[in-house]
Amino acid sequence: MAVLTVGTDYVVSAFPATLDGAAGSITANQAKAKEITKGSPTNFITPLSSSSFIVAYYEKYDATGYWQSARVGSVGSDGTITLSTAAKNFGVKNDADFVTNFGSPLALKGLGAGTGFVIPYYTQLNPWTGTTKTISDLSGLCVSSATFASNAQSAFTSVCNTAYRPSQFPESVALSDNAMAIVFHDEANNNALTVATLSVSSDKSLHFRSSYVFPEVSGDFDLYDLSTTPRPRVLTGNRLAVSFLNPTLNGRLSVRVLSFSPSTLSLKELTPVLPVAPPTFSLYVSDSTNYSLNKAIVHDMLPVGADGFVTVYVGKRNNVLHQNFAVTEAFGNPVGIVQSISSDKSSITMQGKAEVDGLTAGVMHYATTSGAVVAPDSKSTDSNSAEFFYTAEDTILVTMDSRVGMAIDDDTLFVSTSF
0 MAVLTVGTDY
10 VVSAFPATLD
20 GAAGSITANQ
30 AKAKEITKGS
40 PTNFITPLSS
50 SSFIVAYYEK
60 YDATGYWQSA
70 RVGSVGSDGT
80 ITLSTAAKNF
90 GVKNDADFVT
100 NFGSPLALKG
110 LGAGTGFVIP
120 YYTQLNPWTG
130 TTKTISDLSG
140 LCVSSATFAS
150 NAQSAFTSVC
160 NTAYRPSQFP
170 ESVALSDNAM
180 AIVFHDEANN
190 NALTVATLSV
200 SSDKSLHFRS
210 SYVFPEVSGD
220 FDLYDLSTTP
230 RPRVLTGNRL
240 AVSFLNPTLN
250 GRLSVRVLSF
260 SPSTLSLKEL
270 TPVLPVAPPT
280 FSLYVSDSTN
290 YSLNKAIVHD
300 MLPVGADGFV
310 TVYVGKRNNV
320 LHQNFAVTEA
330 FGNPVGIVQS
340 ISSDKSSITM
350 QGKAEVDGLT
360 AGVMHYATTS
370 GAVVAPDSKS
380 TDSNSAEFFY
390 TAEDTILVTM
400 DSRVGMAIDD
410 DTLFVSTSF
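Going by my numbering, the first residue of the sequence shown is number 0, and it counts up by one from there.
In structure tokens form, the structure reads like this:
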């Protein structure tokens, strides 16, 4: 059983749906829809447990001010949806001075197993009213936390860090039961893509910890009216993959894998920033006043297996339909070439000559995560870098740290870890 939200004429409702994996189908039961609110242009739904969920949304617009709120719901075995007795407000009230933007809620077990959740948010100066407030009055990056029990929600508690000034939508992910990361573009630092971590203390309060700034990802977006959201996903081995529309590359979808320490939450890069969208992709529109050209690009990322993830995006910009599906895997560095395998042993060349078919003499060769050995493709039309190259006519991207050895001729590779 799943729960979906739908917004029609700003009326937000939740309804149950049944998933049939064998048939590959979803059956929605809109007869059991439950109205959550009226007048919200933005809403997010997140599961809290196998039978409960939370929806975050805006209250109906009011010229004197309006809040953003959240409501917890549960779904019974028959699909009946029950909502918490009262919604709770979080963040800063939207009024003539401030506008609050928020990201998707996140379940965080350290706040209460199956009952704790957080919502990241930040404030901006109201651009339509001529407010006298200044940047120093903004909240910075904030996280509101709460719990629920017996169909009732607790009040929200917020923690903020004014060193950050987010733009776009922030996105959060749980690193463990007691730790989380938020990915956002920091307007206080030239819109640099930034990861901030928080941990849950013994008294169930949240505290900001470490941060990581993508040095290659910053600058202004040519988004016009589009808002974008980076996607963080946790991989095995304490690794964090991040996908994002890259302002440095005209919005091309890019990814990077980081490692994090479970104890200190410090982060460090494991891969370069890798563009997984083709070079033809651009967020550019020829007429920023023509809203028919200024459509959204929606993207997401999903872990697959122990070491991989898929990224996908779709959208229409400037009358061009952009859609792409890419698979990325992140392994450790190669150690040698497998020469033979039997039932009880294998032979691996880690130094010296190894027999490999299909080489290009005099060229350095690299390992792919599928086990193939490849060289940079002379037919590639994309831009290689000092950290990666394209091969197979731009269909495969390989990082330079996967180098194995130099081809002596078309079937002999000199393997050396010193290369």
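From the three backbone atoms N, C-alpha and C, an ideal C-beta is built for every residue, glycine too.
The continuous beta strand (DSSP E) containing S144 extends over residues 140 to 148.
Per DSSP, G113 lies in no beta strand (DSSP E) segment and is marked neither H nor E. Collapsing the DSSP output to three states places A178 in a strand. Looking only at T156, F220, F213, the smallest Cα-Cα distance to D202 is reached by T156.
Considering only N237, S24, T41, G23, the residue with the shortest C-alpha distance to T4 is T41. G357 sits away from E328, with the two beta carbons spaced by 8 Å or more.
Distances from the CA of V326 to each of L396, D94, V355 were compared; the closest alpha carbon is that of L396.
For D410 and S379, the gap between their C-alpha atoms comes out near 23 Å. In this structure, V403 lies near H364, with their beta-carbon atoms less than 8 Å apart. When the beta-carbon positions are compared, G38 and Q67 stay at least 8 Å from each other.
Membership of P231 in the beta strand (DSSP E) is indicated by the continuous run 230 to 234. For I134, the number of other beta carbons within 10 angstroms of its own is below 16, and it is reported as exposed.
I53 is bridged by DSSP to T45, V71. Apart from sequence neighbours up to five positions away, the residues of its chain that approach T26 with a beta-carbon distance below 6 Å are T17, ordered along the chain. Taking C-beta atoms as the reference points, F243 and S258 fail to come closer than 8 Å.
Non-local C-beta neighbours of T79 in its own chain, meaning closer than 7 Å and more than five positions away in sequence, comprise K31, ordered along the chain. Judged by DSSP in its simplified three-state form, S401 adopts helix. Setting aside the 5 residues that flank it on each side, Y60 is surrounded in the same chain by G38, each with a C-beta closer than 8 Å to its C-beta; the list follows chain order. Under the 8 Å Cβ criterion, the region 312 to 322 counts as touching the region 281 to 289, having at least three qualifying pairs.
In the structure shown, N317 falls within a coil segment according to DSSP collapsed to helix, strand and coil. In the DSSP assignment, T84 falls outside any beta strand (DSSP E) and carries neither an H nor an E.
Distance from V311 to H298 at the Cβ level is roughly 7 Å; contact confirmed, criterion being Cβ atoms closer than 8 Å.
Around the beta carbon of T390, 16 or more other beta carbons sit within 10 angstroms, so the residue counts as buried. When only Cα atoms are considered, I347 and F413 end up about 13 Å apart. Cα atoms of S209 and A374: separation of roughly 38 Å, rounded to the nearest angstrom. Take the alpha-carbon of L248 and the one of V182: they are about 19 Å apart.
Separation of the CB atoms of G115 and S138 is rounded to 22 Å, and the pair is thereby denied contact status at 8 Å. For D306, the three-state secondary structure derived from DSSP is coil. With a contact defined as Cβ atoms closer than 8 Å, L107 and A173 qualify at about 6 Å.
For L282, the three-state secondary structure derived from DSSP is coil. The criterion of a C-beta distance shorter than 8 Å is not satisfied by M179 and L239. Here DSSP, grouped into helix, strand and coil, assigns N188 to helix.
Secondary structure note for K267: its beta strand (DSSP E) is the uninterrupted segment 266 to 268. If you draw a straight line from the Cα of A305 to the Cα of N237, it is about 11 Å long. Beta-bridge pairing by DSSP links E170 to V182. A buried status is given to N100, since no fewer than 16 other beta-carbon atoms sit within 10 Å of its beta-carbon.
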